[in-house]
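Just so you know, the sequence shown maps onto residues 769 to 1129 in the numbering used here. Where a beta carbon is used, it is the ideal one built from N, C-alpha and C, also for glycine. What follows is a short report on a single structure.
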Amino acid sequence: MERDEILFLSSLGFGFRRFSFINENFGSILNIPNSSIDDVAKVLKTPKDILIKIKEKGFDNTVNNLKQTLNKHNIKFTTLLDKEYPNRLKDLKDKPIILYYKGNISLINSNITCGIVGTRRNDEIGKNYTKNLVDLLVNNNVVIVSGLARGIDIIAHRRTLEKKGITVAVLAGGLDVIYPPEHKREFLEIEEKGCVISEFPPGTKHLKRNFFIRNRIISGMSDVIVIIQAPEKSGALITGEYALKQKRTLFAIPGNIENPLHRGCNIMIKKGAIPLIEYKDVLEELGYKSTQQPILQDTKIELTEEEKFIYSSITKEITLDEISETTGLPVNKIYPILLSLEIKGLIIQNVGGTFSRTLTS
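So, in structure tokens, the structure goes:
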């Protein structure tokens, strides 16, 4: 089957099951004989009028109009027959037959990827978890995949861009419309430096059911997925369910059982997600080996004597009180120094509130 035919099937809303039936039985939607239209329409659950129109030059008109729209909005596309198509999606039973994109889609196949998802109504703890994890991943050249939604998604995208990393956004509607509109700046920057993707053709509205459908792409394109924070009915849990079905490594950050914002993560852990105890667990799961030199050998980073003193006390995962005991300094004096070391990328604050050196320091 040719690329234009897959483009056409996408305009009809056909997925992999219908594509496979047509490809295996006829080789092309244009090869369906008139005598078989009734039977094929029943199998495809498609009105036979549509198939008849295809035979009557509806194909060429539809494809040409769609290509004009794509050109107008600077949207490209890749099909599951193309080399640019993300390799990780090829083993999915319900793989998308086409992906529309803006940016550089080849970044997905050439890099390690981590999906980061969570609630749209996160608290400050969830925000900090996201930033800390993204910092570590970006420092080690991992591409961040998320959905451009409000909350954890956009925090992950923004932090990646701030840290000069690469991020991929998977949308639930046509790329001719930026959704949500308040994320226009991030959309355009991701388009320029990463990639924005959707399996839905231009003109498709960002409907609720489409978000559920697109979640399988976020998990499918990721080597590892992390749920940061999520209530019981969060859409992030659907991404987690897909990850388990796709046999992707799924992490979830455990939390207070009485806090509704953590209930979803705790539920996913019960279902098989790995509890994320330290941020570096994600890199270790990826089998990542850093090729960067220790950060302290970088002459561009200058430390005060106090920063060097505190840094030297962090030889393992350690609490604030333990640092105080080791150094003899009061907690209120240590904390600002720890914050400075974290900003410089030398240490991270782990999920449990402990501190440790980054893998590259």
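Query	Result
DSSP state of Y853 mapped onto helix, strand, coil	coil
Assigned exposure category for F878 - 16 Cβ within 10 Å defines buried	For the sequence presented, residue 878 should be read as Ser rather than Phe. That one is exposed.
Coil, strand or helix - K813 by DSSP	coil
Inter-residue Cα distance where the pair is A917 and C963	15 Å
Pair within 8 Å by beta-carbon distance, I1006 and A1041	no
With 16 other Cβ atoms within 10 Å as the buried cut-off, status of L975	exposed
Beta carbon proximity, L929 to chain C, threshold 8 Å	No chain C appears in this structure, which consists of one protein chain only.
T847 - DSSP class collapsed to helix/strand/coil	strand
Which listed residue (G1096, G971, R977) has its alpha carbon closest to that of Q836	G971
Backbone CA spacing between Q1060 and A809 [nearest angstrom]	Any reading at Q1060 is ruled out, since the residue's pLDDT is 38, under 50, leaving its predicted position unreliable.
Beta-carbon separation (whole angstroms), M1036 vs G1003, contact threshold 8 Å	Not really, about 13 Å apart at Cβ, beyond 8 Å.
Nearest neighbour of I1105, chosen from K1076, G1120, K1084, E1093 [CA to CA]	K1076
Cβ-based neighbour list, T1122, same chain, cut-off 7 Å, excluding 5 preceding and 5 following	E1085, I1086, T1087
Neighbourhood of S874 by C-beta, 7 Å cutoff - its chain only, sequence neighbours within 5 removed	E852
Residue ranges of each beta strand (DSSP E) within the region 929–996, 3 or longer	935–938, 963–966, 992–995
Start and end residues, beta strand (DSSP E) containing Y868	866–871
Where V885 falls: helix, strand or coil (DSSP)	strand
Cα-Cα separation, R977 to G783	15 Å
Proximity of T1095 and I1082 at Cβ, strictly below 8 Å	no
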